[in-house]
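Numbering (UniProt numbering), first residue to last: 1 to 288. The beta carbon of each residue, even a glycine, is placed where N, CA and C say it ideally should be. Data first, discussion second: the structure below is written as structure tokens.
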């Protein structure tokens, strides 16, 4: 439940709440001698916001009544009165940093008339002043997503409960509520993650950063063990090495040794000639 409101301070303003906060400046390029290019730095002016969003407002958490640049800054704070996460759908108030006026959440400041941000979603209480970013709200997902919009570059899959690129929507494998669980690598939530989420060919999802770490050590999905990347070229190389090895190490004639295998890629169970290089699926030619 929300904390009681002080009638003498209805917006619960504390020391420092009216201070301006800015997004971090991009790192300046270095010249051939390793020095910062001062001309580039001088052209960049700091923009209001934080490391997560560019915006002209702060938001007030409904539960603790504290002010923060965004919900991620709130959730990462170590100075909360009690452990909790900011519920963006309950957010009621914003603080315009251009005129330092607390007020109900809106697209424009009721006092100075300036936009709080280029994009505002009244459902998610999301403000984003990055004009290079296209954002739309999906009612089925219940959140805002990056893109031109439904029917333009994304469609919503009812079974997966996630927005999917139109270019891949027809052929994507459906897994019910695939993004509502935890990332199979770091075990953190995917649906509310700030970092991009990657769709694997098998239909499972994981954080983009976790996917990069995984691909550095294996090619398999951590959930179903299917190939997470196109391995066709590698399988051809393995088959070629298989033939070369057989010719170089000709053994006396004997009964061929075969083993019963299960393919992780196509699911078939077949008899396969045994070889130390790998066991080849007789249906899809995979060595997985």
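Query                                                                                                                                                                                    : Result
Hey, is the segment 237-244 in contact with the segment 208-216, meaning 3+ C-beta pairs nearer than 8 Å?                                                                                : no
Could you tell me how far apart the beta carbons of residue 91 and residue 125 are, in whole angstroms, since I believe they sit closer than 8 Å?                                        : 4 Å
Taking Cβ positions, are residue 68 and residue 74 nearer each other than 8 Å?                                                                                                           : yes
What is the DSSP secondary structure of residue 17, reduced to helix, strand or coil?                                                                                                    : coil
Going by DSSP, what residues sit across from residue 55 in a beta bridge?                                                                                                                : Paired residue(s): none; residue 55 is not in a bridge.
Based on Cα-Cα distance, which residue from 5, 10 and 49 lies nearest to residue 22?                                                                                                     : 49
With distances taken from CA atoms, which of 202, 20 and 257 is nearest residue 46?                                                                                                      : 20
Give the DSSP-derived three-state secondary structure of residue 73 in the structure shown.                                                                                              : helix
Keeping to the same chain, check which residues put their C-beta closer than 6 Å to that of residue 129; ignore five residues upstream and five downstream.                              : 54, 55, 117 and 118
With which residues is residue 9 paired in a DSSP beta bridge?                                                                                                                           : 6
Do residue 193 and residue 207 have their C-beta atoms within less than 8 Å of each other?                                                                                               : yes
Could you spell out where the alpha helix (DSSP H) holding residue 211 opens and where it closes?                                                                                        : 208-215
Kindly list the residues whose CB is nearer than 7 Å to the CB of residue 278, restricted to its own chain and excluding five residues on each side of it in sequence; keep chain order. : 238 and 287
Mapping the DSSP letters down to three states, classify residue 60 as helix, strand or coil.                                                                                             : strand
Which of helix, strand or coil does DSSP assign to residue 233?                                                                                                                          : helix
Using CA atoms only, rank isn't needed, just tell me which of 188, 168 and 186 is closest to residue 200.                                                                                : 168
What runs of the beta strand (DSSP E), each 3 residues or longer, lie entirely inside the segment 106-135?                                                                               : 119-121 and 126-128
Among the candidates 178, 58, 276 and 17, whose CA atom is the shortest distance from the CA of residue 242?                                                                             : 276
According to the neighbour-count rule (16 or more other Cβ atoms, all chains shown, within 10 Å of its Cβ), is residue 71 buried or exposed?                                             : buried
Using only CA atoms, which one of 89, 103, 104 and 97 lies nearest to residue 16?                                                                                                        : 97
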